[in-house]
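S.K.: There's a structure below that I have some questions on.
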C-alpha cells in the first residue's frame, strides 16, 4: 500500500485533508481518503496535513488484506509507528490476522514536533451510553482549568451514520447532531462535526468491529486536532468482561503520537453502572442514541436488541420513560421475536435480579435462555467471532465458521453429514449445520440450510452453502480446487457470496485451532 498525494483545503467553514491510497498486492483501485472538520474555529496557520491520521486509518486495512508494506510519503510520528506494530501484535494474539505484519516505510525519521500550545481535552461523542458517561465522569473528576477537562466533542459522519457510499444518511446525521446541541451547550462543549469516507475503502466482514474501529477513531482525532490534546475514547466493555474488539484498553493508547495522547476511558465501569449514573442527567437521557439502525426521524427504533437492552437497563436504573426511547418497560413479545444476543449476553446477567424483584419472571426466564444459548454456542468458544447484535445472517455465518473450525481441529468428518449440529434460530427462521469431508483430499466443509417448520428436512430454495477448510491434509496450491471440490461434494454452488458459496478459513496448523474473521 502506498499513501501519497496529500492535499489540504481550508477556509472559514471547513478544513479537508486528503491523500491517495494505492494497493500494491491487491487488485483494488486507488481511492482518495478524506477527513473533513467543521465547527472548530479553524486555525488558518495549520497548513500541514496529518500523516498520523492516514497511517492510523490505513495500516489495519493493509494488514487485513495482506499488503507487504505501507509506504507513506510523509513523516508520521515514530511513537505512532511503534504503537501500530504493537497493536498488530495484540491483534495477532487474538486471532483473525492471517497475514504477516506489513512494514511501515517513511521518508525518514521525525515527523512534526509537539505543538507549543497547552493540551486540551477532546472526546468522541456519539450520544451512546459509553460516550455520555465518559463526559459526565470527566467533568466531575477534573476542574475546568485542567488540561484533561473535555472541552471539545467530535461527532463523526461516516462511521455508524453514512458508512455506505450509496447512502449518506444526511438527514439522520442532522437529527443526531441537533439532539446533541442542547447537551453540548449545557456541558460547555464545542461540538465539532467530522466527516470521513474511511469505511468506503475495501474491508472484510466484521473487521471494522473486531479490529479497526479503535484505530479509525484515533485517525479522525489526529485529523481534527491541530494542537496538543488528550483524546478520550469511551470503553465499550468493562474489564470484568473483556472482549477482544477494535476499541480495546490494551490497544487504543497505542494509536497515540507525541502530539495526541489517546485514552481508552471508562473500562472499570460496567454498562449497567453507567446507565444508573446517567439516570440523574435528564439532558443526556434526551440525547441518548444507541440504535445501530436508521430509525427515520427518531433517534432510536426502540425494538432492536440494543434498544431493548438499553430500555431494560433504564428500567433497572429507575427511569420509567425517556424522550429518546419511550417507555422503559418492554413487552415480552418483542423479546420473543429477537434473535441471539451475541457477546452482549454478559450485560444481561446483571439485569436478572432487579427485573425479578419487579415481578418480571417470564422475561427473566426468556433472557436466561438467550444467555445460555450464547454460553453453549460457538461464540463462547470463539470470542473474536462473537456477534455484535446487528445482523442474524452474520450470526449464522459465524456459527458456521466456528463449527467448521471445531471440526477441523478435531479431525472429524467421515461421510457427508458426519456431524449434524442442533438447529439454531435467527428471528423466525431455523437453521441446521452439517459438517463433513468432501471427496477432495483432506477438505472439510459445512452446509448451512434452512429448516422450515422444524428440524426435519432442508429447504432447497436457498441452496446449501459450504465452507471449505484447506490445510487439513492438502497443500495451499490446491486451495481453489479444494473450494470447488468441497462445493461439489456438499451440493453447493461455487460462488463468491456466502448465500450459496464458500469462505476460505485460515488453518494455522494441526496443533492450533483455525481462526477466521
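Numbering (my numbering), first residue to last: 11 to 527.
For every residue, glycine included, the Cβ atom is placed at its ideal position computed from N, Cα and C.
Quick check on residue 223: does DSSP put it in helix, strand or coil?
M.R.: helix
S.K.: Using the three-state DSSP reduction, which class does residue 185 fall into: helix, strand or coil?
M.R.: helix
S.K.: Please go through the region 100 to 167 and give each complete alpha helix (DSSP H) segment of 4 or more residues, from N-terminal end onward.
M.R.: 139 to 151
S.K.: By Cβ distance below 8 Å, which residues in the same chain neighbour residue 113 in space, the five residues on each side in sequence not counted?
M.R.: 78, 79 and 80
S.K.: What are the start and end residues of each continuous alpha helix (DSSP H) run of 4 or more residues lying completely inside the region 304 to 365, in chain order?
M.R.: 315 to 326, 342 to 346 and 355 to 358
S.K.: Assuming residue 198 and residue 183 make a contact with CB atoms under 8 Å, what is their CB distance in whole Å?
M.R.: In fact, because the Cβ distance is near 23 Å, the residues do not count as touching under 8 Å.
S.K.: What whole-angstrom Cβ distance do residue 361 and residue 322 have, given they're in contact under 8 Å?
M.R.: 6 Å
S.K.: Judging by CA-CA distance, which residue of 287, 249 and 260 is the nearest neighbour of residue 277?
M.R.: Here the closest residue by C-alpha is 249.
S.K.: Note the first and the last residue of the continuous beta strand (DSSP E) segment covering residue 287.
M.R.: First-last for residue 287: 281 to 288, but that is the alpha helix (DSSP H), not the beta strand (DSSP E).
S.K.: Alpha carbon to alpha carbon, what distance is there between residue 221 and residue 176?
M.R.: Spanning the two alpha carbons is a distance of roughly 24 Å.
S.K.: For residue 23, count neighbouring C-beta atoms within 10 Å of its own C-beta (all shown protein chains included) and say buried if the count is 16 or more, exposed if not.
M.R.: exposed
S.K.: Tell me, please, whether the region 288 to 303 touches the region 248 to 265 by the rule of three or more beta-carbon pairs shorter than 8 Å.
M.R.: no
S.K.: With C-beta atoms as the reference, is residue 242 less than 8 Å away from residue 160?
M.R.: yes
S.K.: Can you look up residue 300 in the DSSP assignment and give me helix, strand or coil?
M.R.: coil
S.K.: For residue 330, which residues from the same chain have a beta carbon less than 6 Å from its beta carbon, with the 5 sequence-adjacent residues on both sides left out?
M.R.: 338
S.K.: Write down every uninterrupted run of the beta strand (DSSP E) in the region 216 to 267 whose length is 3 residues or greater and which is fully enclosed by it, in chain order.
M.R.: 239 to 244
S.K.: When burial is assigned at 16 or more other CB atoms within 10 Å of the CB, is residue 292 buried or exposed?
M.R.: exposed
S.K.: Based on the DSSP secondary-structure assignment, which residues constitute the bridge partners of residue 48?
M.R.: 24 and 203
S.K.: Rounded to a whole number of angstroms, what is the C-alpha to C-alpha distance between residue 60 and residue 370?
M.R.: Spanning the two alpha carbons is a distance of roughly 53 Å.
S.K.: Out of 146, 152, 193 and 225, state which residue places its alpha-carbon closest to the alpha-carbon of residue 169.
M.R.: 225
S.K.: From residue 317 to residue 324, what does the alpha carbon distance come to, in whole angstroms?
M.R.: 11 Å
S.K.: Rounded C-beta distance between residue 135 and residue 94? I'm assuming under 8 Å.
M.R.: In fact, because the Cβ distance is near 25 Å, the residues do not count as touching under 8 Å.
S.K.: Please state if the CB of residue 274 and the CB of residue 143 are separated by a distance shorter than 8 Å.
M.R.: no
S.K.: Taking only the alpha-carbon atoms, compute the straight-line gap between residue 359 and residue 309 and give it to the nearest angstrom.
M.R.: 26 Å
S.K.: Please state whether DSSP places residue 405 in a helix, a strand or coil.
M.R.: Its pLDDT being 46, under 50, residue 405 is placed unreliably by the model, and the measurement read from it follows with that caveat. Residue 405 falls in the helix class under three-state DSSP.
S.K.: Under three-state DSSP, which class holds residue 208?
M.R.: helix
S.K.: Should residue 229 be labelled buried (16 or more other beta-carbon atoms within 10 Å of its own) or exposed?
M.R.: buried
S.K.: Near residue 42, which residues of its chain fall below 6 Å by C-beta distance, leaving aside the five closest residues on each side in sequence?
M.R.: 28 and 30
S.K.: Skipping 5 residues on each side, what residues in its chain have a beta carbon closer than 7 Å to that of residue 194?
M.R.: 163 and 201
S.K.: Candidates 216, 272 and 260: which alpha carbon is nearest residue 239's?
M.R.: Checked all of 216, 272 and 260; the closest Cα to residue 239 is 272.
S.K.: Near residue 333, which residues of its chain fall below 6 Å by C-beta distance, leaving aside the five closest residues on each side in sequence?
M.R.: 296
S.K.: Could you have a look at residue 275 and say whether DSSP puts it in helix, strand or coil?
M.R.: strand
S.K.: Give a yes or no on whether the C-beta atoms belonging to residue 335 and residue 320 are separated by under 8 Å.
M.R.: Yes. Within cutoff.
S.K.: For the candidate residues 313, 372 and 179, whose alpha-carbon lies nearest to that of residue 349?
M.R.: When each option's Cα is compared against that of residue 349, the closest is 313.
S.K.: What residue range is occupied by the uninterrupted alpha helix (DSSP H) comprising residue 379?
M.R.: 371 to 386
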